[in-house]
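Undergrad: Below is one structure. I have some questions about it.
Protein chains: 2
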Amino acid sequence: MEKQTVTIYDVAREAAVSMATVSRVVNGNPNVKPATRKKVLAVIERLDYRPNAVARGLASKRSTTVGVIIPDVTNIYFASLARGIDDIAMMYKYNIILTNSDDAGEQEVNVLNTLMAKQVDGVIFMGNHIDDKLRAEFKRAKAPVVLAGTVDPQGDTPSVNIDYAAAVEEAVTNLINRGHTKIALALGSLSQSINAEYRLTGYKRALNKAKLPYDDSLVYEAGYSYDAGTKLQPVIADSGATAVFVGDDEMAAGIINASVESGVKVPDDLEVITSNNTIITQITRPAITSITQPLYDIGAVAMRMLTKLMNDKELDEKTVTLPYGIVRRDSTKVED
Amino acid sequence: MEKQTVTIYDVAREAAVSMATVSRVVNGNPNVKPATRKKVLAVIERLDYRPNAVARGLASKRSTTVGVIIPDVTNIYFASLARGIDDIAMMYKYNIILTNSDDAGEQEVNVLNTLMAKQVDGVIFMGNHIDDKLRAEFKRAKAPVVLAGTVDPQGDTPSVNIDYAAAVEEAVTNLINRGHTKIALALGSLSQSINAEYRLTGYKRALNKAKLPYDDSLVYEAGYSYDAGTKLQPVIADSGATAVFVGDDEMAAGIINASVESGVKVPDDLEVITSNNTIITQITRPAITSITQPLYDIGAVAMRMLTKLMNDKELDEKTVTLPYGIVRRDSTKVED
DNA sequence: TATTTTCATGAAAGCGATTTCAAATGCTTT
DNA sequence: AAAGCATTTGAAATCGCTTTCATGAAAATA
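Chains as they are written, first to last, in UniProt numbering: chain A, 1 to 336; chain B, 1 to 336.
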């Protein structure tokens, strides 16, 4: 019971024109006499003809499809970027092939290769770390790649981000200005350059500016999860830190809840600032002060850049840095 | 600077065999002499040949791509399903074209059509409501469609779900057993059949069984958001309800926080049960008792069904119902 | 009216694979 | 050594569209 499929040839025959002409009307080519166009359109309507995008892709060498590599769709941070990407892609008539990489290097390379095999016109890559292997693949790929919410310190790959270092620096400086001298930094893996080379840098810069000593033992490398947060909290409490900057909202929620439950008052005994301003920051009590990032826009801008590259246009700037903000909630004291 | 692309023809020439033979080794066809295979493989390696999936798709009429229609990737509920879908898809060597529909009927139809144009081998549909228009499109599509976490009361479309009605019935019955007689029901739009035809039904069944009267004014149709929850809370408080079943976790969080802040004690003055067991249910204080659903599995099973359909196999059952559970947290009192 | 230009159209050559069918090769078996 | 069978291979058609190039028709210019 294979469903009959109508091809451009059928339309051409019924409309008594050539396939070329049908192709022209389908693609909005202006070199078609209005009367002819109308006739063809009528046949298309009548036969319910839908162009086969695969055949078109083969013939034109453009698939109007872009690959999106994401660590994990269930991660709200990356999902938000993905939403921005998809909206803009749709606006430009591109479709998205979405694949989860779990942040695993090997998987990222595999996925990139299957995407290239599918002849995607471009790729948006999101991930926490970019190594040489990956860079080499990007270079080898015959479609442009743009990084979204993903830093590559060594980057010649176009990318869209906020200035993570500056954001952390500002947040930590705020803390310092309120008199804190022992400020903890709770991150995910330091093997990820966003942590090792940006957040940590911002943290150090803030300390430096204030002439505060950098203390290694106040930097925690835990997982990014609620449970990691609850487990880390007593450690932070023991360290004598009176404030903490956290790299992930769920983790921050874990720290907050564990603090409250163990009698550590937030923000009186411990001020907390987190990074991603997800809904979680509004739900905890106290609600969490956070860096704000234009997540949707990061994705959207990345996709816009990619469309330019896919059309062989020049990029105004290879690395775009979007503005961040800091929204004060109840996990920090009021500024003097 | 178009990058050179090596085709099956190049490989054939270099290996001094025909394209057919190369095709055979690439596709693991056993009818190739080991020596030949080895020779071809060597050339493939040397030239770094990657088969063009688009050409293959055209010739074989299978794209090894499936379309996934999702209301919104940033919705953790659907994103979880999507993760299950993608993992299984990858296992079976399929790729996912992911598109957001915003639950808008028109957009859903559009998206389905572009997916069909891209010659996807199958489609997984997630959404909150299925109308006749959509059903007609499903029928018209020449690729199989499976619903994931999406009910169609009128369904001849294969689907994977939990028994929403039974879950709500059980949750509400628990509440009733603890002596509540005025139980509110906070849902999203009643135009969505999951609410109107399943959750509401379960709610009524529970009341019925307990010979409690059904009171229209205890059923609230609000949006599914944190803010909707905070706004709804005073209304619920005024109604005199002593317990509430909520259709969405963020909304439940809003109700909980607003209650606590207005002096309504949870669970003493108001017991709350929610639906999706997302991380949010662990983060609020009190944490929220919830129905648990195997979200990942719903997606995974749906994708498994789809692979069967795409290979013209029979389905054991057209409608699969996965088990749900209820996890007690602190927003409900302890069972006697 | 004759000559250019411009416009509209069609023929046919790809795009890079799969797949069918027939031919060639290699082994067994008499 | 001949016949028969199974195994390997290749030639060529095909998938459904885009795109180039040539051509005829129509419009503009001289």
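Cβ coordinates follow ideal geometry from the N, Cα and C atoms, glycine included.
(1) Three-state secondary structure (DSSP) at VAL17(B)?
(2) So residue 338(B) packs on GLY149(B), CB below 8 angstroms; how close in whole Å?
(3) Per DSSP, PHE245(A) is paired with what?
(4) Could you work out which residues of chain B lie near MET116(A), taking near to mean beta carbons separated by less than 8 angstroms?
(5) Compute the Euclidean distance between the alpha carbons of ARG178(A) and LEU190(A), then round it to the nearest angstrom.
(6) Chain B partners of VAL54(A), CB-CB under 8 angstroms?
(7) Would you mind listing the beta strand (DSSP E) stretches within the region 116-165 of chain B that are 3+ residues and don't spill past its ends, in chain order?
(8) State the Cα-Cα distance for the pair VAL260(B) and VAL266(B), rounded to the nearest angstrom.
(9) On the CB-based measure, 16 or more other CB atoms within 10 Å of its CB, does MET251(B) come out buried or exposed?
(10) With a threshold of 9 angstroms between beta carbons, is LEU98(A) in contact with chain B?
(11) If you measure beta-carbon to beta-carbon, which residues of the region 281-301 of chain B are closer than 7 angstroms to chain A?
(12) Taking the alpha carbon of ARG83(B) as the reference point, which residue from ASN174(A), TYR92(A), LEU98(A) and ASN208(A) has its own alpha carbon closest?
(13) Excluding five sequence neighbours on each side, which residues of the same chain lie with their C-beta closer than 6 angstroms to the C-beta of TYR49(A)?
(14) Quick one: Cα of PRO234(B) to Cα of ILE256(B), how far?
(15) Compute the Euclidean distance between the alpha carbons of ASN276(A) and ARG205(A), then round it to the nearest angstrom.
(16) Mapping DSSP to helix, strand and coil, what is MET1(A)?
(17) Tell me whether GLN154(A) is buried or exposed, calling it buried when 16 or more other Cβ atoms sit within 10 Å of its Cβ.
(18) Using 9 angstroms as the threshold, is the C-beta distance between ILE226(B) and GLY254(B) below it?
(19) Leaving out five residues on either side along the sequence, give the residues of the same chain with a beta carbon under 8 angstroms from the beta carbon of ALA196(B).
(20) Could you tell me which uninterrupted beta strand (DSSP E) segments, each at least 3 residues in length, are contained entirely in the region 31-86 of chain A, listed from first to last along the chain?
(21) If the cut is a Cβ gap below 9 angstroms, which residues of chain A does ALA241(B) touch?
(22) Report the rounded CA-to-CA distance for GLU169(B) versus THR321(B), giving the unit in angstroms.
(23) Whose C-beta lies closer than 6 angstroms to the C-beta of VAL61(B) among residues of the same chain, with five residues either side of it excluded?
(24) Please decide whether ILE279(B) counts as near chain A, where near means a Cβ-Cβ distance under 9 angstroms.
(25) Which residues does DSSP list as the beta-bridge partners of LEU322(A)?
(26) Report all residues from its chain with a CB closer than 7 angstroms to the CB of ARG140(B); omit the five preceding and five following residues, and keep chain order.
(27) Below 8 angstroms on C-beta distance, what does THR5(B) contact in chain A?
(28) With H, G and I counted as helix, E and B as strand and the rest as coil, what does DSSP make of ASP109(A)?
(29) Please list, in chain order, all residues of the same chain as TYR77(A) whose beta carbon is under 6 angstroms from its beta carbon, the five residues on each side excluded.
(30) How long is the line joining the alpha carbons of MET116(B) and THR157(B), rounded to whole angstroms?
(31) Quick one: give me the first and last residue of the alpha helix (DSSP H) that ASN208(A) is part of.
(32) Looking at the unbroken alpha helix (DSSP H) that takes in LEU295(A), where does it start and where does it end?
(33) Residues of chain A with a CB under 9 angstroms from the CB of MET80(B): which are they?
(34) Starting from ILE96(B), trace the beta strand (DSSP E) both ways and give me its first and last residue.
(35) For a contact meaning CB atoms closer than 9 angstroms, what does ARG83(B) contact in chain A?
(36) Which same chain residues, not among the five before or five after LEU207(B), have their C-beta less than 6 angstroms away from its C-beta?
TA: Reading from the atomic positions:
(1) Here residue 17(B) is taken as the residue at index 17 of the second sequence, counted from 1. If DSSP states are grouped into helix, strand and coil, VAL17(B) belongs with coil.
(2) Residue numbering for chain B in the displayed model covers 1 to 336; residue 338(B) lies beyond these limits and cannot be assessed.
(3) For the purposes of this step, residue 245(A) is taken as residue 245 along the first sequence, with counting starting at 1. BP columns for PHE245(A) point to LEU185(A) and ILE273(A).
(4) Along the first sequence, one-based indexing puts residue 116(A) at 116. What MET116(A) touches in chain B: ARG50.
(5) Walking along the first sequence from the start, residue 178(A) turns up at place 178. Walking along the first sequence from the start, residue 190(A) turns up at place 190. Spanning the two alpha carbons is a distance of roughly 27 angstroms.
(6) Stepping through the first sequence from its first residue, residue 54(A) is reached at position 54. Neighbours of VAL54(A) on chain B, chain order: VAL54, GLY57, LEU58, SER63, LYS118 and GLN119.
(7) 122-125, 145-148 and 159-162
(8) On the second sequence, residue 260(B) is found 260 positions in, with the first residue counted as 1. On the second sequence, residue 266(B) is found 266 positions in, with the first residue counted as 1. Using only the alpha carbons, I get a separation of about 7 angstroms.
(9) Position 251 of the second sequence, counted from the first residue, corresponds to residue 251(B). Buried, because 16 or more other Cβ atoms sit within 10 Å of the Cβ of MET251(B).
(10) Numbered from 1 along the first sequence, position 98 holds the residue referred to as residue 98(A). Closer than 9 angstroms: yes.
(11) GLN282, ILE283, THR284 and ARG285
(12) In the second sequence, counting from the first residue as 1, residue 83(B) sits at position 83. The candidate whose alpha carbon is nearest that of ARG83(B) is LEU98(A).
(13) Position 49 of the first sequence holds residue 49(A). Closer than 6 angstroms at the Cβ level, and outside the excluded window around TYR49(A), lie VAL6 and VAL11.
(14) The residue labelled residue 234(B) in the question sits at position 234 within the second sequence. The residue labelled residue 256(B) in the question sits at position 256 within the second sequence. PRO234(B) and ILE256(B): Cα-Cα distance of roughly 11 angstroms.
(15) For the purposes of this step, residue 276(A) is identified with residue 276 of the first sequence, where counting begins at 1. For the purposes of this step, residue 205(A) is identified with residue 205 of the first sequence, where counting begins at 1. Rounded to whole angstroms, ASN276(A) to ARG205(A) spans 21 angstroms at the Cα level.
(16) Numbered from 1 along the first sequence, position 1 holds the residue referred to as residue 1(A). With a pLDDT of 42 at MET1(A), under the threshold of 50, the predicted position of this residue should be treated as unreliable, though the coordinate-derived value follows. It is coil, neither helix nor strand.
(17) Residue mapping note: residue 154(A) aligns to position 154 of the first sequence, counting from 1. Exposed: under 16 other Cβ atoms inside 10 Å.
(18) Looking up residue 226(B) in the second sequence gives position 226. Looking up residue 254(B) in the second sequence gives position 254. Correcting the residue type first, residue 226(B) is Tyr in the shown sequence and not Ile. Contact: yes.
(19) As a first step, residue 196(B) is located in the second sequence; it is residue number 196 there, counting from the start. Closer than 8 angstroms at Cβ, skipping near neighbours: LEU190.
(20) 65-70
(21) Working through the second sequence from its first residue, we reach residue 241(B) at position 241. Here the premise fails: no neighbours, minimum Cβ distance about 22 angstroms.
(22) As a working note, residue 169(B) is residue 169 in the second sequence. As a working note, residue 321(B) is residue 321 in the second sequence. The straight-line gap from Cα to Cα measures roughly 16 angstroms.
(23) To locate residue 61(B), count along the second sequence from 1; it is residue 61. The question names Val, but residue 61(B) in the sequence shown is Lys. Excluding sequence neighbours, LYS61(B) sits near nothing in its chain.
(24) Indexing the second sequence from 1 puts residue 279(B) at position 279. Taking Cβ atoms only, chain A reaches closer than 9 angstroms to ILE279(B), which makes this a yes.
(25) Here residue 322(A) refers to the residue found at position 322 when the first sequence is read from its first residue. Per DSSP, ILE162(A).
(26) Here the question's residue 140(B) lines up with position 140 in the second sequence. Cβ neighbours of ARG140(B) beyond the five flanking positions: none.
(27) One-based indexing of the second sequence puts residue 5(B) at position 5. Near THR5(B) (Cβ distances below 8 angstroms), the residues of chain A are LYS142.
(28) Stepping through the first sequence from its first residue, residue 109(A) is reached at position 109. Checking the sequence, you will find Val at residue 109(A) rather than Asp. VAL109(A) falls in the helix class under three-state DSSP.
(29) Residue mapping note: residue 77(A) aligns to position 77 of the first sequence, counting from 1. Once the five neighbours on either side are set aside, the close Cβ partners of TYR77(A) are ASN276.
(30) For the purposes of this step, residue 116(B) is identified with residue 116 of the second sequence, where counting begins at 1. For the purposes of this step, residue 157(B) is identified with residue 157 of the second sequence, where counting begins at 1. Cα to Cα, MET116(B) sits roughly 17 angstroms from THR157(B).
(31) Residue 208(A) sits at position 208 when you count from the first residue of the first sequence. From DSSP, the alpha helix (DSSP H) with ASN208(A) extends over 200-209.
(32) Here the question's residue 295(A) lines up with position 295 in the first sequence. Looking at the DSSP string, the run of the alpha helix (DSSP H) that includes LEU295(A) is 295-310.
(33) The residue you call residue 80(B) lines up with position 80 of the second sequence. Checking the sequence, you will find Ser at residue 80(B) rather than Met. Residues of chain A passing the Cβ test: VAL73 and THR74.
(34) For the purposes of this step, residue 96(B) is taken as the residue at position 96 of the second sequence. Where ILE96(B) is concerned, the enclosing beta strand (DSSP E) stretches over 95-100.
(35) Here the question's residue 83(B) lines up with position 83 in the second sequence. The answer, in chain order, is ASP72, VAL73, THR74 and ASN100.
(36) Here residue 207(B) corresponds to residue number 207 of the second sequence, with the count starting at 1. Excluding positions up to five away in sequence, the list reads TYR214.
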